[in-house]
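K.L.:
Got a structure for you, written out below as structure tokens; questions coming shortly.
Number of protein chains: 2
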Amino acid sequence: MSDTLLIRNVRPAGGAATDVLVRDGRIAAIGAGANGGDTSCDAGGRLMIPGLVEAHTHLDKSFWGMGWHKHTAGPALIDKIETERRNRREFGIDADRQSGRLVAQMVKMGTTHIRSHVDIDTETGLAGIEGVMAMRERLKDVIDVEIVAFAQSGLLIRPGTLELVDQAMAMGAEVVGGLDPCAVDRDPKGHLDAIFGLAQKYGRPLDIHLHERGEMGAFSMDLILERIRALGMQGKVAISHAFCLGMPDVDHARRLIDELAKERVALVTTAPASSPAPAVMACLKAGIVIAGGSDGVRDSWNPYGMGDMLERATLVGLRNNFRRDEEMELALDVCTYQGAKVMEIADYGVAVGCKADFVILPGETVCEAIVERPADRTVVKRGRIVARHGELTQPIA
Amino acid sequence: MSDTLLIRNVRPAGGAATDVLVRDGRIAAIGAGANGGDTSCDAGGRLMIPGLVEAHTHLDKSFWGMGWHKHTAGPALIDKIETERRNRREFGIDADRQSGRLVAQMVKMGTTHIRSHVDIDTETGLAGIEGVMAMRERLKDVIDVEIVAFAQSGLLIRPGTLELVDQAMAMGAEVVGGLDPCAVDRDPKGHLDAIFGLAQKYGRPLDIHLHERGEMGAFSMDLILERIRALGMQGKVAISHAFCLGMPDVDHARRLIDELAKERVALVTTAPASSPAPAVMACLKAGIVIAGGSDGVRDSWNPYGMGDMLERATLVGLRNNFRRDEEMELALDVCTYQGAKVMEIADYGVAVGCKADFVILPGETVCEAIVERPADRTVVKRGRIVARHGELTQPIA
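Residue numbers (this note's numbering), protein chains in the order written: chain A, 8 to 404; chain B, 8 to 404.
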């Protein structure tokens with residue numbers, strides 16, 4: 008396999024056509040007439056965008072490739088949690104196999120980096136973590152996966168779970184997960200002290216699912232902010248969903264946004280159409296990093312999803328009423344550069360010296376690519392072509 | 008060309024595989040072993056759904072096929088109206104050509120019936136109406152188009168417009184259009200008396216764009232209901248958008264829904280992610296017909312859109328938090344049967360005796376088809392295959 012790759016006639020970020028030379032897994036040169044590649048390909052004037060960043064998903068429990076499963080969960084959070092544990096047993100969801108299948112789809116769609124929450128509970132123990140770890144070792148040449156040790160069924164209400172999360176961190180999970188300190192664990196102080204304690208013990212960041220709406224979510228967010236201040240964890244905490252920032256009391260939401268910005272708390276959003284949600288523009292203007300994620304894809308929670316972060320960019324745009332080109336470009340930023348910031352990906356982007364993780368796809372402009380989401384994507388990971396015109400170059404999973 | 012078509016091994020609405028015989032533009036028989044077709048095709052166990060119904064779009068002003076145009080309109084309604092009239096001149100939007108291009112895309116995606124609002128104003132006069140009428144005559148074998156005579160720039164605030172709308176109805180437009188009686192025309196009584204007057208004069212139904220939110224929209228809706236009662240126009244009025252039904256005062260919204268049901272007012276929604284919107288389930292439960300539409304596709308208002316009503320079903324599902332299979336099926340119902348009711352399409356559906364307007368596409372279940380929106384669609388219109396596996400069988404436009 009060649010160490011260098013020359014891509015001719017490609018338009019980074021929709022700009023003028025140029026040539027891009029990739030060497031040793033990095034972008035070595037950008038400019039017309041760049042040369043030196045053992046392998047060259049003509050991109051035919053297609054766009055080049057950085058690899059898509061999936062900053063919030065659940066690889067371990069997707070039904071991807073298992074046929075259609077009727078969605079039977081009730082509307083409440085706890086219904087989904089209970090249904091999911093039952094489905095995992097009944098359907099035989101294997102975390103290694105299923106995460107690999109979903110990764111294959113995501114790679115094909117142009118995702119180069121994934122943060123996956125992985126379930127830990129007293130039934131499954133660490134099987135999910137082990138499965139996703141085995142998958143990422145197997146697929147390390149085509150994807151970067153960061154694992155969040157996540158007590159989906161509750162951390163304190165199911166005794167023994169905290170110890171399992173502790174073990175997952177010892178095994179090498181990168182991020183400590185949290186979940187609705189009031190609504191699920193019924194003990195916000197206990198929950199937050201526990202997860203911040205683990206984050207301190209392992210010197211790792213936190214990513215907290217916060218579905219709690221309105222004043223309850225704002226209360227949990229306040230408690231999170233207090234702990235960040237007390238422990239000096241600025242820049243080390245992400246809050247996923249953060250529905251409470253879409254609360255009716257906009258002054259309160261505004262105050263929370265200012266505090267999140269001050270303590271450098273990042274947000275991760277799916278841009279949900281049916282829930283209150285953080286307004287992307289307001290967050291960006293306040294200086295908050297806000298990334299995008301699919302959340303579950305075809306699982307017990309969510310029957311939707313193609314594992315496509317370009318579709319997520321469309322949904323971010325629609326949810327935030329982004330119509331002007333510069334607004335739509337922000338929607339893609341949420342699914343690329345913003346995600347890279349949340350995951351602290353070094354040397355990310357389309358510039359000389361950056362890691363060669365990028366996507367080449369049709370489109371007159373970046374906005375057109377967001378709207379059309381063409382299947383014809385060529386994906387480069389670590390300088391190697393892993394998908395060409397929408398097909399994986401080698402089988403994955 | 009053959010008058011009969013036998014489709015073998017197809018699954019209507021995701022049910023058991025069977026055969027469907029089409030004769031003289033209608034479904035003549037459904038059942039294993041149906042025969043008699045001059046032409047037969049094996050659907051390979053694919054799904055069969057009725058033709059998608061686009062109940063609210065603007066064919067006349069799409070940029071489809073004209074390259075990417077930077078979106079420059081400001082956030083207010085009036086910005087979009089003014090920008091659009093300027094763009095129409097500057098970009099050379101020809102209603103005949105552009106409506107044909109968009110119809111070609113919509114047909115490929117499986118749409119068999121379209122209700123299109125068509126702009127009428129003192130600048131363009133009736134050119135848009137004439138253009139769309141010419142297009143629909145040209146393409147009458149592949150699509151049914153219903154025209155709404157629509158004063159996009161205001162009916163009364165631009166003198167002369169009402170007379171033009173009157174002429175459009177005389178020319179054969181099927182539906183009288185209305186637009187934000189308070190917010191745009193600044194004269195709700197004047198606006199509504201005028202459009203109801205035209206509806207009475209021509210014995211045609213009404214379709215009123217109502218973007219007005221909260222109490223203002225509720226006020227306009229009240230005035231509409233009064234006129235329906237006074238004129239006995241039950242079942243003859245549709246309100247598009249109806250954002251006010253997503254108003255914070257849920258009791259007020261509930262009372263409006265009950266009144267709309269009583270007067271048999273239909274609704275048409277895009278299921279917008281960034282606006283208040285009528286809740287589909289609440290409307291259906293109240294007995295209201297609620298159809299779906301793309302609204303503008305790639306035009307001065309809206310840079311998004313693939314002209315795909317299956318994508319609209321996804322967006323209806325996401326907006327309404329439809330996750331259970333039976334809820335997702337309702338999302339498709341909004342984009343098929345509900346639209347057929349709004350447009351009063353006779354003999355619509357997948358049953359013996361119905362017009363042979365349907366789509367064959369991959370998918371284990373209807374829900375999977377909604378989620379995946381496969382490009383591989385075979386579309387039958389008036390008993391003829393107009394698109395096969397995602398490609399038009401003959402050039403359109």
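Beta carbons: idealized from backbone N, C-alpha and C, even for Gly.
Run through chain A and tell me which residues come within less than 8 angstroms of H396 (chain B), C-beta to C-beta.
P.N.:
Correct list: empty, because the minimum Cβ distance to chain A is about 14 angstroms.
K.L.:
Is the beta carbon of A190 (chain B) sitting closer than 8 angstroms to the one on M223 (chain B)?
P.N.:
yes
K.L.:
Along chain B, in chain order, which residues have C-beta atoms closer than 8 angstroms to that of H78 (chain A)?
P.N.:
R330, R331, D332, M335 and C374
K.L.:
In or out: R15 (chain B) buried (at least 16 other Cβ within 10 Å) or exposed?
P.N.:
buried
K.L.:
In angstroms, rounded to a whole number, what distance separates the CA positions of S123 (chain B) and I34 (chain B)?
P.N.:
Distance from the CA of S123 (chain B) to the CA of I34 (chain B), rounded to the nearest whole angstrom, comes to 27 angstroms.
K.L.:
Give the range of the beta strand (DSSP E) segment to which I85 (chain B) is assigned.
P.N.:
Premise fails: I85 (chain B) lies in the alpha helix (DSSP H), L84 to F98, not in any beta strand (DSSP E).
K.L.:
Please report how far the alpha carbon of G135 (chain B) lies from the alpha carbon of M254 (chain B), in whole angstroms.
P.N.:
34 angstroms
K.L.:
Could you check if P285 (chain A) is buried or exposed, using at least 16 other CB atoms within 10 Å of its CB as the buried criterion?
P.N.:
buried
K.L.:
Taking the C-alpha atoms as reference points, what is the distance between L232 (chain B) and H259 (chain B)?
P.N.:
15 angstroms
K.L.:
With 16 other CB atoms within 10 Å as the buried threshold, where does A341 (chain A) fall?
P.N.:
A quick correction: the sequence has Val, not Ala, at residue 341 (chain A). Label assigned to V341 (chain A): buried.
K.L.:
Is R262 (chain A) helix, strand or coil by DSSP?
P.N.:
helix
K.L.:
Which residues in chain A sit within 9 angstroms of R326 (chain B), going by Cβ to Cβ distance?
P.N.:
For the C-beta of R326 (chain B), the chain A residues within less than 9 angstroms are, from N- to C-terminus, A280 and S281.
K.L.:
Assuming L213 (chain B) and I202 (chain B) make a contact with CB atoms under 8 angstroms, what is their CB distance in whole Å?
P.N.:
6 angstroms
K.L.:
Do the stretch 384-392 of chain B and the stretch 74-81 of chain B meet, that is, are 3 or more Cβ pairs less than 8 angstroms apart?
P.N.:
no
K.L.:
Would you say P369 (chain A) faces chain B, with C-beta separation under 8 angstroms as the test?
P.N.:
no
K.L.:
Identify every residue that forms a DSSP beta bridge with S47 (chain A).
P.N.:
A:L13
K.L.:
Taking Cβ positions only, does N309 (chain A) come closer than 8 angstroms to chain B?
P.N.:
yes
K.L.:
Tell me, which residues are paired with P152 (chain A) by DSSP?
P.N.:
Just to set this straight, residue 152 (chain A) is Val in the shown sequence, not Pro. Note: V152 (chain A) sits in a beta bridge opposite A:I121.
K.L.:
For the beta strand (DSSP E) that D173 (chain B) lies in, which residues bound it at each end?
P.N.:
Taken as a continuous stretch (DSSP letters only), D173 (chain B) belongs to no beta strand (DSSP E), being part of the alpha helix (DSSP H) at T168 to M178.
K.L.:
Shortest alpha-carbon distance to P402 (chain A) belongs to which of A:G58, A:A24 and A:A111?
P.N.:
A:A111
K.L.:
Can you check whether the C-beta of E270 (chain A) is within less than 8 angstroms of a C-beta belonging to chain B?
P.N.:
no
K.L.:
Mind checking if W71 (chain B) is an interface residue toward chain A, Cβ cutoff 8 angstroms exclusive?
P.N.:
no
K.L.:
Determine whether the Cβ of V275 (chain B) lies closer than 8 angstroms to any Cβ atom of chain A.
P.N.:
No, no contact with chain A.
K.L.:
Need the endpoints of the beta strand (DSSP E) that E61 (chain B) sits in, please.
P.N.:
L59 to T64
K.L.:
Does the contact criterion of 3 or more C-beta pairs under 8 angstroms hold for the stretch 321-339 of chain A versus the stretch 97-106 of chain A?
P.N.:
no
K.L.:
Tell me which same chain residues have a C-beta within less than 7 angstroms of the C-beta of R305 (chain A), skipping the five on either side of it?
P.N.:
Closer than 7 angstroms at Cβ, skipping near neighbours: S69, F70, W71 and G312.
K.L.:
In three-state DSSP terms, what is F226 (chain B)?
P.N.:
In the three-state reduction of the DSSP assignment, F226 (chain B) falls in the helix class, which pools H, G and I.
K.L.:
Where does the unbroken beta strand (DSSP E) through V393 (chain A) begin, and where does it stop?
P.N.:
R391 to R395
K.L.:
Going by CA-CA distance only, name the one from A:L205, A:V357, A:R18 and A:D173 that's closest to M240 (chain A).
P.N.:
A:L205
K.L.:
Listing by chain order, which chain B residues have their CB less than 8 angstroms from the CB of M313 (chain A)?
P.N.:
In chain order: V378 and E379.
K.L.:
In terms of DSSP beta bridges, what is L213 (chain B) paired with?
P.N.:
Beta-bridge pairing links L213 (chain B) to B:V183 and B:V244.
K.L.:
Kindly indicate if chain B contains any beta-carbon less than 8 angstroms away from that of G52 (chain A).
P.N.:
Judged by the 8 angstroms Cβ criterion, G52 (chain A) is not in contact with chain B.
K.L.:
Can you tell me whether T79 (chain B) is buried or exposed, with buried defined as 16 or more other CB within 10 angstroms of its CB?
P.N.:
By the neighbour-count definition (other C-beta atoms within 10 Å, threshold 16), T79 (chain B) is an exposed residue.
K.L.:
If you draw a straight line from the alpha carbon of M8 (chain A) to that of D31 (chain A), how long is it in whole angstroms?
P.N.:
Only weak support exists for where M8 (chain A) lies, its pLDDT of 46 falling under 50; the value from the coordinates is given anyway. One C-alpha to the other measures close to 11 angstroms.
K.L.:
Going along chain B, which residues have a C-beta under 9 angstroms from G224 (chain A)?
P.N.:
Here the premise fails: no neighbours, minimum Cβ distance about 18 angstroms.
K.L.:
Which residue wins for smallest C-alpha separation from L169 (chain B), given the options B:M316, B:D200 and B:D148?
P.N.:
Out of B:M316, B:D200 and B:D148, the CA that lies nearest to the CA of L169 (chain B) is found in B:D200.
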